[in-house]
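Visitor:
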Amino acid sequence: MKHLISAAALALCLAACSSKPSPSASAATASAVPEESIATSADTASGDEGAIAAAQPMVMPVGNTPMLTLEGLDDLEIGKPVPRDGSWAERGAQISDACRTVSSPEFPGVYAIVEDGKVRRITVGQRSDVTLVEGIGVGAGEAEVKQAFPGFRASPHAYEDAPAKYLTAPNAGSGEAALRFEIGQDGKVSLIHVGTMPVLGYVEGCA
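Using mature numbering (1 follows the signal peptide of the UniProt record, and there is no 0), the letters of the sequence shown map in sequence onto residues -27 to -1, 1 to 180.
1) Could you spell out the range, first to last residue, of the beta strand (DSSP E) harbouring lysine 119?
2) In whole angstroms, what separates the C-alpha of isoleucine 109 from that of lysine 161?
3) Identify the continuous beta strand (DSSP E) that holds glycine 168 and give its terminal residues.
4) Please classify valine 75: is it buried, with 16 or more other beta-carbons within 10 angstroms of its beta-carbon, or exposed?
5) Determine the closest residue to residue 252 out of Ala180, Thr169, Gly178, with distance taken between C-alpha atoms.
6) What's the gap between the Cα of aspartate 58 and the Cα of leucine 49?
7) Report the CB separation of proline 78 from serine 60 in whole angstroms; it is logged as a contact under 8 Å.
8) Could you check whether the region 107 to 126 touches the region 144 to 161, counting it as contact only if at least three pairs of C-beta atoms, one from each stretch, sit closer than 8 Å?
9) Taking DSSP as the reference, what is the three-state secondary structure of leucine 49?
10) Between aspartate 47 and serine 147, what straight-line distance do the alpha-carbon atoms span, to the nearest angstrom?
11) Alpha carbon to alpha carbon, what distance is there between cysteine 179 and residue 197?
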C-alpha cells in the first residue's frame, strides 16, 4: 500500500511538471510572430519624426500669378530679342527709332523697353497683378520692400516729392540685370523695373 501511494505521488508530480511551457516552446511561440510586424513596430518607434514628416501634405504654389524675375517675364527675356511668335509687340506711337516699347494684351499694365533689338527693361505698372517671387507687387508697402531687399539704395524721385523715392539694387550698373522700385508719396510701390543700366534708370519710358 505504501508503495502504491508513492507511485501515485510521483505520477502527479510528473504531470504537473509536464504542464509548464518549456523554453523551447516559448521560443517557438515568439518566432511565430511575423518579422514584418516586428520591423514595422521598430521603424515606427525609431522613426516617428520621419513618419510625421511623410504624413505632412506637400505645399504647392497657389494660383497662376505670373512672376517677374531677373531673367524676364513669360517668354520675354532681358538681353534677348522680342519673341517673333509671342504676344509682345509695338503698340501705339513710338517716340524714338532707337528705343521702342512693346506690350502684351496678356499682361495689362506691363511694358518693355527695346534698344538695339533686345529687351533692356521690363516695367510692371498699376494695372498689373504680376509679382516678384517674394510676393511683392505694385501696391506693396515700402517697409515690405526693405525687409525683402535690405541692401537697396534710396534716391530722390524725379517727379514726386519725398517720401517718394527710388529703391535700386546695389548691383545695378554691373552689366547684369537688376531690380528697381518706384515708391510713391503714399509709401507704396507704384512701379517695378527689371533690366540693365542705363535703361533701368530711365525715368519716363524711353527717356
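The beta carbon of each residue, even a glycine, is placed where N, CA and C say it ideally should be.
Guide: Short version:
1) Translated into positions along the sequence shown, residue 119 becomes position 146. Where lysine 119 is concerned, there is no enclosing beta strand (DSSP E), although the alpha helix (DSSP H) it sits in stretches over 115 to 121.
2) In the sequence shown, the residue the question calls residue 109 occupies position 136. In the sequence shown, the residue the question calls residue 161 occupies position 188. Roughly 11 Å separates the two Cα atoms.
3) For the purposes of this step, residue 168 is identified with residue 195 of the sequence shown, where counting begins at 1. Start and end: 162 to 168.
4) As a first step, residue 75 must be located in the sequence shown, where it is residue number 102. Classification for valine 75: buried.
5) Because the chain in this structure spans residues -27 to 180, residue 252 falls outside the shown range and cannot be described.
6) Here residue 58 is taken as the residue at index 85 of the sequence shown, counted from 1. Here residue 49 is taken as the residue at index 76 of the sequence shown, counted from 1. About 11 Å.
7) The residue you call residue 78 lines up with position 105 of the sequence shown. The residue you call residue 60 lines up with position 87 of the sequence shown. Right, the Cβ-Cβ distance comes to about 6 Å (below 8 Å), so this counts as a contact.
8) yes
9) Here residue 49 corresponds to residue number 76 of the sequence shown, with the count starting at 1. Three-state result, leucine 49: strand.
10) Indexing the sequence shown from 1 puts residue 47 at position 74. Indexing the sequence shown from 1 puts residue 147 at position 174. Their backbone Cα atoms lie some 24 Å apart in a straight line.
11) No information on residue 197 is available, as it lies outside the stretch -27 to 180 that the chain covers here.
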